[in-house]
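Q: Protein chains in written order, with our numbering: chain H, 721 to 1177; chain R, 721 to 1177; chain C, 721 to 1177; chain P, 721 to 1177. Using N, Cα and C, we set each Cβ at its ideal position, and we do this for glycine too. First the structure, then my questions, so here it is.
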């Protein structure tokens, strides 16, 4: 997944990039990095952990002085955290001890990277890391084109995939979105310069003014004293990842002119039209279900109540020694008050249902511990039946409960009075723009972007 | 402020205490510690930082094997974080290299601790730390009483203050609440044993069953194979800190039979009755205003909307280099969507208004950036006009905006269309039980608990 | 390489094991760990880094209370540091959340571990780590023998290799040396109990009294209230690693009745008899050449002078950015004074010459910067021409200068006036005991211990 | 104590300063820092710990690009390690968020700093730290002089003390030594530019060519494209700290034209002339006694033997839980071999004897454990009878064994056969240059440099 930030021709660029990274922290918490050009050379710093930890020492941001910055926050898709995966990737590689000339941050997936890499290695090319980013750099280096932008286009054309990337040299910045427009990327203006980011909320955090999203296959070249120039790679039918709107991107991000907040509210409204029930309260699972629940409340005219609360200190690193008390993780994370739930007919709203484990524990508790009379579970998206091969780290098909059970079986498993998903048609009509411009393969198995030999599942 | 946990006669006590600490993390994030008895000796471990960091290594909790645990999470009231302040405090002090016999965790404030300490030092008593806890241990040590519980009572009687404390020896656990009952402490049952905690939500997290709150001045002694025995220190008129209900304690905690969630909803309802206006939406400032806003929505029949969202990664350690972009901290932390706010008459709800800085920036943005038509600010508590001397780290009087400005002046400062606080009468009638049993000194300056010479302000 | 410690039937065993680890720190600085039994269960703690860092928190050693301890300090032979490689390895594996029953620390190499592991995996056995230690545990688990000692013998017989290992259960400790006795292991008495360690200097550090070295293939079983019982695995002709005596083990360790200090002095003496020259001073390269130089001084009656000094703060982690100043690493590490060297004929003594890089820089500096008249290099061991396959991480054959150059070519490369190695015969006659009991494969390529298909080189 | 480094007009200055810091690491291990100017602004980075840890991340040194560097490694004289004490100190203070303009590193002591500070504070001056360095900056700021060098001279004249300091602005560097020349400071040439350092060995590490020591009260101003200009503060009779030569500075440093190595050898020689005995071996206590022992060996014609060895992993942070095994710290740190010592008459040589604890344990072990026949202790310096008030953190007078016991009493305490110190006359005649140019107050109580009211002791 990952988040990318570019800042061009803005004084104190590293400080703004840091703000942008904060706004994209939800896109990855494994590592963060930044490369900054002061017009003469590209400096960089990176580390494992949260943005707040990597750039904890104020001096680091000050040392990264300059007016162009490219930054990255990384989400581990491979399971294993590795220092070498930290972005931006620097070229020439720091181990060569040559001055950095180019830094690249990208977010995405290149399905046949391994094959291409093997080919290059058999030709004697030496790799320093196992990252896709380095593969891009190799193709960049081998490009026989003359201009930077042509070389970049050449490199990304050589490795089919779904990505958004930002590249900086000592005086130019390039932003690029894949030909299917699968991953989001937008640009804005700031203090006379420009910013590029994975989500518009990063622009808000930097105090920048939103201009527009990049077009599928667009390459934007930023040079000092000029308007950004736009180039176009081979263009495909847009296939924006629909999961960004309903799950991954922040609610305060805007995609295709509509905030994700509103999209999610619409999904809740439409869902209610499809499967309303009589009830006392709408209750969201925090924070993921909040906007879906607001939509359900709009459509149903039933009050939306914040009666399930979340312990914000329980993160990924939460440790639970002892098998016997393992299930209490949910209990530590979510809690409620009997007096407010007893005897009530509740509509429990979440954005999606992946494995069903948490829902199962929660629904059973609502009945057994809190005395709910009915618990109707409503999901603001359709059943996830297929894995993603384009960069979203959903579960494997074996783990996806909807790939293996019918809705009725799932209802029984989680113990709900009723269970309903939003229909795919409902989802597509809630999202802004033409429905054929979304990739919804995780819902319908329709992998429009070539998988290059990966088995569709 | 701090949070305390006690677990008695429960297998795997350290794992349960860890769960309890997680639930009390909001009461202090500076350090965490735990002392565990296996019946033969008292072992302990502690460190700076969040519970999840201190007990990150699973082995530590396993090494802390035993069936009695006393744990603590600390909030720094002094400004300076010090390792020596980590609780539980161990007696004899670890530097003596004698075996630990007693561990004590407490939450509270002892206004004349310094004087008592000076007295003891002038008598030649050697102190290892600058903590109040050590002072208690010294009085414990000097007590000429015979039983442990008498010694404990003796020690706490020697140092007037507002506190809740839990003490363990190798085979006994003692819980104690100050004679005014200023700080909360409750007990419950778990797996045939007992637990004690600052808030009931910690009992929920441990899977324990709530029994009751301790009475003011009560001392509960837990011994294996027996019901806990209750003793009574000199009793005063109860003066429970009202700030716990409306601000500090978790919403899912229950005090005097009513959840704080419900108390806060009542405050919102009552506030609306006092100062309702015509509007389109109720919007809470997350997370502090959520339940007040729910109450306002109940009373006003206006929909409550989650249209201001919070970046959960922006914590205390957030660094903002560069004066110019300092105000953007609020922007990074809170965000909204123009399409949902433009032209709307908004009621913005929060639990309290301390300095007014954040509100000022937010209200101005709601008008200027998001196009709100009206912004009515409603606080679910009265103006804070006086400092707390009993352990809550509110601002100094100079910083308290309500101590220095009239409500109209504050309204102008933050730029709101209208501004209204809940009345003190409204607050007291929203809280459970008799109003004379609450300390509301921060609102009315009525310091019922003797200040021992501190200047009331 | 690694170092192992066992402490049996000694109060405060963890504190003694900690002392022992300190004494073995030179055998590995990657990680350290300890497992301690209090008679009822096996507790453990481990971490990456130096002993002083892993056990920095005094509480940890206190929590590891008990009278049996098995400890380990690890040297990374694979290049990549991994947490899973930390020893002792615990059985059942901590991820199973069953109580630990057995802990094993070992030092050595199992050439066909991979094949055996593949075999087991194809039979469906699940591995938690990639360590050889876990393989041993699997064979232990599968053993159909009845007693613990038979199971241990069974397990180690199943995986041919060169090792020393210490195992503890809740009440028994077992020490075992491989049938060729390739890696050192000795035992001693302490406070009425027993200790086992890789080197005798660890016994000194613990204040224990040396008893004897384990015999090749010996298994010693320690049970409370009894003399240790000795068992014998299939015995081979002893092949103790000669590199331990001249390079790896501490000089204050005793092997076969002679301190390594004395062995190294003898090597220096013998080397001088083989290749003495006329000179003014003997100067050791610190610290490795100190005892060889003392021997040279004894034999030559020339004074031994400490005129090359070493910066003790320059360790492995020393970073040297910038190609241009890379060679200065040697300069930062070693320094001298012109006034003491100018015009002098120097005999420079070291224990061995692996790659020749450091020597080359140093010898050239002695001439060019310090004005030496002659520099005669003497090594207290023969040329290393072959790689080690038994656990010592020497360089690959390509890197070994003596595998690729004649002595005269090496002399020219390092710029010495004369260069001489100790002969292999000289080395073997300097070491205690029969020469056929040493593995000297790195010198003569004579790999007596079966390599199981590894190509001798 | 501390060590200071300045690099002027040298490409890659930060890398060279890092080398210099490594060479001065023995002067302080509490913290390290560096300020670098690239001609336009002064950047800086600093942290707690060893040089190798603070500058572990290669990127940091790269980010500190520029051709002027001032660096510092700090020794804690106050006992308590504080982040605010890290040098170089930056002006304006980083908390003001103004660009850094000046960085200052100093080594020394200002006896009446507190009084001066109180005076300034009473005039309303705001201090950010409690450091003497900041006091200097305040006087610098208040100077009404025009040029930088005059302001610097003004500032240092305002605060009498013993110091060496290096200051950098964006384009000038200034080195300054106190009027008594109490602390060492030398300069050299490197790659067409200049370097300044506390000790000459730092010049060696940087590959610089030694030019000369600064004169007492000298101020050297470095500007690009010009020879350094020398100014003179009020000059006093030189009072170089004699402890630098015999104890604190590295043996490979050169002071007054003679290496400390040679000075220490002379001390050993002279000591033997004063108090020789018949013996078998000279044995140094490593590493402090090595050169004194070499001198003893020269004078006595007895062989010097490295038979006591030191565990290099036992540092300040070594933890020893349990009173019972506390004395084993010495055992873990120093070890020997009986076979080499039994029945021998040993002359044990060290540079000095402060408290006598280690010597006592060691001498008793030499007899009891290693069977020495005689142990003659020889110190290469006189008895330390007085505290230092000029910056050396020797013990308090109560702890100084020679301040409280006669030599015969000390001999009995440590258990030596004979004990002899070098005479003060012997020391002074061993040190280079006129004896009246040394401060030997710790030996003779003759505090030539005004103490400003501190009680001489």
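#1: From residue 915(H) to residue 763(C), what distance separates their C-alpha atoms?
#2: Just the Cα atoms here: how many angstroms apart are residue 837(C) and residue 855(C)?
#3: Whole beta strand (DSSP E) runs in the stretch 787 to 864 of chain P with 3 or more residues, listed along the chain?
#4: Start and end of the alpha helix (DSSP H) containing residue 1163(C)?
#5: Going along the chain, which residues of the stretch 802 to 835 of chain H sit with their C-beta nearer than 8 Å to a C-beta in chain P?
#6: In the DSSP assignment, what residue or residues form a beta bridge with residue 766(R)?
#7: Roughly how many whole angstroms lie between the Cα atoms of residue 821(P) and residue 789(H)?
#8: Run through the stretch 886 to 970 of chain P for me and flag every whole alpha helix (DSSP H) of 4 or more residues, listed as ranges in chain order.
#9: When you compare only the Cα positions, how much space is there between residue 726(C) and residue 972(C)?
#10: With DSSP run on the structure shown, which of helix, strand or coil describes residue 995(H)?
#11: Compile a chain-ordered list of the residues in the stretch 768 to 801 of chain H whose CB is closer than 9 Å to at least one CB of chain P.
#12: Which whole-angstrom value is the C-beta distance of residue 736(C) and residue 910(C), which I expect to be below 8 Å?
#13: In the stretch 1126 to 1166 of chain C, which residue ranges form an unbroken beta strand (DSSP E) of at least 3 residues, counting only runs that do not cross its ends?
#14: Against chain R, does residue 975(H) count as a neighbour if the rule is that its beta carbon must be under 9 Å from one of theirs?
#15: Per the DSSP calculation, residue 1089(R) is bridged to which residue(s)?
#16: Decide if residue 1145(R) is buried, meaning its Cβ has at least 16 other Cβ atoms within 10 Å, or exposed.
#17: Quick check: residue 1141(P) and residue 1066(P), are their CB atoms within less than 9 Å of each other?
#18: From what residue to what residue does the beta strand (DSSP E) around residue 723(R) run?
#19: Quick check on the DSSP output: what are the complete alpha helix (DSSP H) runs of length 4 or more inside the stretch 974 to 1020 of chain C, in order along the chain?
#20: Can you tell which of 1003(P), 896(P) and 908(P) has its C-alpha closest to the C-alpha of residue 951(P)?
#21: Using a 10 Å radius around the Cβ and a threshold of 16 neighbouring Cβ atoms, would you call residue 880(P) buried or exposed?
#22: Does residue 1162(R) have its Cβ less than 9 Å from a Cβ in chain H?
#23: Report the rounded CA-to-CA distance for residue 751(R) versus residue 767(R), giving the unit in angstroms.
#24: Mind listing the chain C neighbours of residue 763(R)? Cutoff is C-beta to C-beta under 9 Å, in chain order.
#25: Spell out whether any CB of chain C is found under 9 Å from the CB atom of residue 982(R).
#26: Counting beta carbon pairs with one atom in the stretch 951 to 961 of chain C and one in the stretch 1078 to 1094 of chain C, are three or more of them shorter than 8 Å?
#27: If we count Cβ pairs, one from each stretch, closer than 8 Å, do we get three or more for the stretch 977 to 988 of chain C versus the stretch 1007 to 1019 of chain C?
#28: In three-state terms, what does DSSP make of residue 1040(R)?
#29: Exposed or buried, residue 787(P), counting other C-beta atoms within 10 Å across all chains shown (16 or more means buried)?
#30: Taking the alpha-carbon positions, what's the residue 811(C) to residue 850(C) distance?
#31: What is the residue span of the beta strand (DSSP E) that residue 1094(P) lies within?
#32: Which residue marks the beginning of the alpha helix (DSSP H) containing residue 780(C), and which one marks its end?
A: The relevant details are as follows:
#1: Taking the first residue of the first chain as 1, we reach residue 915(H) at position 195. Taking the first residue of the third chain as 1, we reach residue 763(C) at position 43. Going by the C-alpha atoms only, they are around 54 Å apart.
#2: Taking the first residue of the third chain as position 1, residue 837(C) is located at position 117. Taking the first residue of the third chain as position 1, residue 855(C) is located at position 135. Roughly 7 Å separates the two Cα atoms.
#3: 788 to 794, 809 to 811 and 822 to 829
#4: The residue you call residue 1163(C) lines up with position 443 of the third chain. Per DSSP, residue 1163(C) belongs to the alpha helix (DSSP H) from 1161 to 1164.
#5: 814
#6: Counted from its first residue, the second chain places residue 766(R) at position 46. Paired residues: 753(R).
#7: One-based indexing of the fourth chain puts residue 821(P) at position 101. One-based indexing of the first chain puts residue 789(H) at position 69. Cα-Cα distance, rounded: 25 Å.
#8: 920 to 926
#9: Here residue 726(C) is taken as the residue at index 6 of the third chain, counted from 1. Here residue 972(C) is taken as the residue at index 252 of the third chain, counted from 1. Answer to the nearest angstrom: the Cα atoms are 19 Å apart.
#10: Taking the first residue of the first chain as 1, we reach residue 995(H) at position 275. Helix.
#11: Result list: 777, 778, 779, 780, 782, 783, 784 and 785.
#12: In the third chain, counting from the first residue as 1, residue 736(C) sits at position 16. In the third chain, counting from the first residue as 1, residue 910(C) sits at position 190. Contact flag correct, Cβ pair sits at about 7 Å.
#13: 1138 to 1141
#14: As a working mapping, residue 975(H) is identified with position 255 in the first chain. Taking Cβ atoms only, chain R never reaches closer than 9 Å to residue 975(H), which makes this a no.
#15: Numbered from 1 along the second chain, position 369 holds the residue referred to as residue 1089(R). Looking at the DSSP assignment, residue 1089(R) forms no beta bridge with any residue, so it has no partner.
#16: Residue mapping note: residue 1145(R) aligns to position 425 of the second chain, counting from 1. Result: exposed.
#17: Numbered from its first residue, the fourth chain carries residue 1141(P) at position 421. Numbered from its first residue, the fourth chain carries residue 1066(P) at position 346. For the 9 Å CB-CB criterion, residue 1141(P) and residue 1066(P) do not form a contact.
#18: Residue numbering aside, residue 723(R) sits at position 3 when the second chain is read from its first letter. Per DSSP, residue 723(R) belongs to the beta strand (DSSP E) from 723 to 728.
#19: 980 to 995 and 1010 to 1020
#20: As a position in the fourth chain, residue 951(P) is number 231, starting the count at 1. Nearest of 1003(P), 896(P) and 908(P) to residue 951(P), Cα basis: 896(P).
#21: Position 160 of the fourth chain, counted from the first residue, corresponds to residue 880(P). So residue 880(P) ends up on the buried side.
#22: Walking along the second chain from the start, residue 1162(R) turns up at place 442. No, because no Cβ of chain H sits closer than 9 Å to the Cβ of residue 1162(R).
#23: By one-based count along the second chain, residue 751(R) stands at place 31. By one-based count along the second chain, residue 767(R) stands at place 47. Looking at the two C-alpha atoms, the distance is approximately 6 Å.
#24: The residue labelled residue 763(R) in the question sits at position 43 within the second chain. Chain C residues near residue 763(R): 779, 782, 783 and 785.
#25: Here residue 982(R) corresponds to residue number 262 of the second chain, with the count starting at 1. Cβ-Cβ to chain C under 9 Å: no for residue 982(R).
#26: no
#27: yes
#28: Looking up residue 1040(R) in the second chain gives position 320. Caution is warranted here: a pLDDT of 48 is assigned to residue 1040(R), below 50, making its placement in the model unreliable, and no coordinate value can be reported.
#29: Counting from 1 along the fourth chain, the entry for residue 787(P) is found at position 67. With 16 or more other Cβ atoms within 10 Å, it is buried.
#30: As a first step, residue 811(C) must be located in the third chain, where it is residue number 91. As a first step, residue 850(C) must be located in the third chain, where it is residue number 130. Their backbone Cα atoms lie some 15 Å apart in a straight line.
#31: Working through the fourth chain from its first residue, we reach residue 1094(P) at position 374. 1094 to 1099 is the span of the beta strand (DSSP E), which, as asked, contains residue 1094(P).
#32: For the purposes of this step, residue 780(C) is taken as the residue at position 60 of the third chain. Per DSSP, the unbroken alpha helix (DSSP H) holding residue 780(C) starts and ends at 778 to 783.
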